[in-house]
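If you're matching positions, the sequence shown starts at 557 in the working numbering and goes up one per residue.
The structure under discussion appears below in the form of structure tokens.
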Amino acid sequence: MATAPFICDVEASEESLRADVSSHQLRHRVCSYSLLQVLVGVLAVLVLALTGGVIWMKFQDCPEEIWHVRFIGTNTTFTAPRTQNYMISGMVDAERDDKKCPHLFKLHHIHDTQINDIRKLNISQKFQNINVVLQEGARLSVQLNCDSKINETSSELRIYSRHCNLS
């Protein structure tokens with residue numbers, strides 16, 4: 557007996573076909589999915605797995621913010637938790653006397669005894685460095701080249717970890 561959506565094989569004795577025998581007395585009933593249903597099910601699982609993989613890879617490409625600072629005073633530091641690529645963006649603004657301060661700040665990282673400048677910019681200019689490689693334990697430092705105070709309400713530094721190689 558073939559019925560949609562199942563193909564069922566019903567084995568019954570001659571006695572079970574009599575009207576006075578109940579249906580629960582059927583000896584054996586085997587139902588199976590049709591080939592089309594199996595193919596559709598396998599295809600659906602495959603599509604879901606591929607979609608999940610694509611979504612997971614997309615989130616891996618996105619930066620993850622690991623540090624956000626509002627500056628306090630004239631200096632702040634960040635220590636890299638592991639060796640990898642980072643994206644650094646932000647802006648430094650200072651309350652300054654234009655005659656005493658040439659409007660520059662320096663963002664550099666220190667690893668062991670080496671100091672490497674990442675950025676040297678005018679104050680109040682937004683910046684973004686996409687592929688900064690920091691070794692584990694390296695420290696980032698933002699310093700002004702004068703004794704002005706950093707404007708805490710308009711200055712910020714955001715550091716994102718990158719889980720992929722950027723081109």
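In this text, a Cβ means the ideal position worked out from N, Cα and C, and glycines have one as well.
Bear in mind the structure is a predicted one, so any value in this text is a computation, not a measurement.
DSSP-derived helix/strand/coil call for residue i
i	result
Thr-709	coil
Ala-636	coil
His-584	Because His-584 sits at a pLDDT of 46, beneath the cut-off of 50, its placement in the model cannot be relied upon, and the point is left open.
Gln-684	strand
Val-648	coil
Beta-carbon spacing of residue i, residue j below 8 angstroms
i	j	result
Ser-710	Phe-683	no
Leu-690	Thr-607	no
Asn-707	Met-643	no
Ala-694	Ala-636	yes
Leu-696	Phe-634	yes
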